[in-house]
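Residue numbers (the working numbering): 2 to 556. Here a beta-carbon is modelled for each residue, glycine too, at the ideal position from N, C-alpha and C.
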Amino acid sequence: LHTAKQLISREGIQGHTYTQEACVSHTFAAIMAGLVLLSLLLISVLLTPQQISAQQCGQVQVLKQGLIFGGTASTPGMWPWHVAVFHRESIRRTSYKCGGTIINRDTVLTAYHCVVENQRPIAAGRLVARAGLFDLDVGGPTVQENRVFDVISPPGASARTFDDDIAILKMQTQFTYDDYVQPVCIRSVRQDIGQLVGAYGTVVGWGWTEHSTTSAELRQANVPVVSAEDCLASDRNLFSQVLTTKVYCAGSRNGTSSCNGDSGGGMFFRMGGYWFLRGLTSFSAVDAKQSGICDSHGYVGYTDVAKYLDWLREQGVRYEDPLQRPGTVSKPVPSDGSTALLRLAVDPKTKKFLQQHGGNVLLRVQLNGRRVETVRGCLQYDTVPGYNETLEYFATDNFRHVGRTHNSKYIRVGMVGPTDGIIRFGKSRFPYGESVSEICLSGWANQNSEVNRHTRTSNSEYVNTPLKIQLTPNVLSKTRPMMFRLEVFDNGNVLLTKDGEKRPFLEFNDNRQRLDLDYIAFTKWNHELFYYYDCPLDTDANGVDDTVLLKCSLA
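Put into structure tokens, the structure is as follows:
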């Protein structure tokens, strides 16, 4: 029978206990003083952080080109929201215990079991958070040390069962945002974790490595989210006891994993150009060959932060979601070289009306005197991630509008933007080893549209095999939606047919026995686009409209 393993050691991480004592001869100290001073001056010149007045969450400020079992070394400033949580053992001695994540200037999120000792909560005064830290053994001018004055946890939190394994650490003083200390973003809308199955997130930490030693330098690893079914099947004895609706699993089962010392650290996803926190490292199985050490070939359980959004708000915790700012609608439509931003001011009666109708209102939007058109009945997708970012895959079987014949499946989608409208579709949510079809539509007169087979492999996450290149002049528009039917046949044929036309403008075959349209995702290259999906199939009854639906969050 496996037992769940907290990914920390109760004695701290071996080799990373700190004291303030030093005993050297006066002569040796005098000889070394000049060298040490020179070294510190050089380090100060190279690493002194630049204070940032205008802060943006989820952005890495240091531009440089492994919790982590089988992971790779990070670089200073690469994860500026990751902190080290220490337990103060005495006035002069602290020991590293866990990771944590900066949410705002005075708030860190970590796992509940990181602030518990012998099943009892640790006094807040014994907890210290160090931000801007890269090497546990070195420290340096980039480090900001902050004491904790309060620890907040859900009523049902348990370090024994890992229920509600989340805790808020309130700092005595505020962090100063600079190149090495920044907050992470949190999505303010609840995205079902099932939509991320197969997507790769990044975990970071100073935990146990594949060489059975602790990592002094911060490490990182990319691991995929797995379904609850796969997680249970991998170790039913363990996960049937601790897997709840507030927990999800991730891991590659190839030795790349979170491990001892990584607890409390975050699992991050990059969306729309920002890094978002989704999970907190919580538990794993124990390696049968090494007592007290995690099983790096098993899945790891993560506390799903999205399930605690209401609780965070109840505790007065502020966090930022740049993809959906309160009180504003960001980038509702693309414009000529600029981004539209709209803030609504409404009277009390209108506010009450909006509250009664879910906060949605239809507005007519004009850019430079021209109407930007949309399509009735479609869902609009305007927070489009970049080409090499984590994509949000939609299950087409959940769409309201799906067409089928005896040998094909089809949906109606659309896009608005100058060029490089990119969609991917396939059988799964894009795990390693799986292929998806990628269609890149060019909107300019002398550019080709491309169709590729897009594959993630262990050597490269982005490998494209060209399938078809065809000139498609002026197929896209900056202001008018290009609507088309995407039809996928069992024999591998794919047809793209524009509304109002009988013949497809793009057709290809992947020379495989079967293609699937079970999941679809949207991305972009260097131009702003937004998409329509789950559109009515009856184009005659649902034509182009001259209004844009702006979803407004009431402040």
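Residue i: first and last residue of the uninterrupted beta strand (DSSP E) it sits in
i	result
C99	95-105
R314	Not the beta strand (DSSP E): R314 falls in the alpha helix (DSSP H), residues 310-315.
N510	507-510
L442	436-442
V205	201-206
G422	422-427
F269	267-272
G415	409-417
D305	301-305
M483	483-490
F87	83-89
K247	K247 -> no beta strand (DSSP E), and no H or E assigned at all.
K499	494-499
Q183	Segment: none, Q183 is in no beta strand (DSSP E) and carries neither H nor E.
K469	464-472
S450	449-456
Y92	Note on identity: in this sequence residue 92 is Ile, with Tyr being the wrong assignment. Taken as a continuous stretch (DSSP letters only), I92 belongs to no beta strand (DSSP E), as it is neither H nor E.
A522	520-524
Y382	380-382
L110	108-111
Y534	531-534
Neighbour-count burial assignment, residue i, 16 or more Cβ in a 10 Å radius
i	result
Q183	buried
E451	buried
T503	One point to set straight first is that residue 503 is Lys, not Thr, in the sequence displayed. By the 10 Å Cβ count, K503 comes out exposed.
H88	buried
I104	buried
D180	buried
R405	exposed
N119	exposed
S241	exposed
D138	exposed
R513	exposed
Y463	exposed
A234	exposed
Under 8 Å between C-beta atoms of residue i and residue j
i	j	result
P419	H528	yes
W526	I424	no
H83	G266	yes
L380	A522	no
P81	Q62	yes
S264	T282	yes
D193	K247	no
R430	Y303	no
M172	V204	no
R271	E390	yes
F531	Y382	yes
T473	L442	yes
Y113	A168	yes
F395	Y249	no
S478	L310	no
V86	C99	yes
D107	Q57	no
V243	Y300	no
G202	V224	yes
L485	V437	Looking at the sequence itself, residue 485 is Phe, so the reference to Leu does not match. No, the pair does not count as a contact, with Cβ atoms beyond the cut-off.
G101	T111	yes
Y275	W207	no
D136	A217	yes
N- and C-terminal bounds of the alpha helix (DSSP H) containing residue i
i	result
A229	229-235
Proximal residues to residue i (C-beta, below 6 Å), its chain only, five neighbours per side dropped
i	result
E488	S409, Y411, L496
T384	G273, L324
V144	R131, G133, L134
Y320	I104, I187
Same chain, Cβ closer than 7 Å to residue i, neighbours up to 5 away in sequence not counted
i	result
K469	V452, F509
V116	P122, I123, L128, V152, A168
W312	P155
Q196	E393, Y394
E12	Legend: pLDDT at E12 = 34, less than 50; position of this residue unreliable, no value from coordinates given.
G157	D164, D165
D322	C186, I187, R188, S189
Same chain only: Cβ atoms within 8 Å of residue i, ignoring 5 sequence neighbours per side
i	result
R515	D491, N492, G493
D539	none
E435	G199, G427, K428, S429, T456, R457
In chain order, each beta strand (DSSP E) run of at least 3 residues that lies wholly inside the region 116-170: 128-132, 145-153
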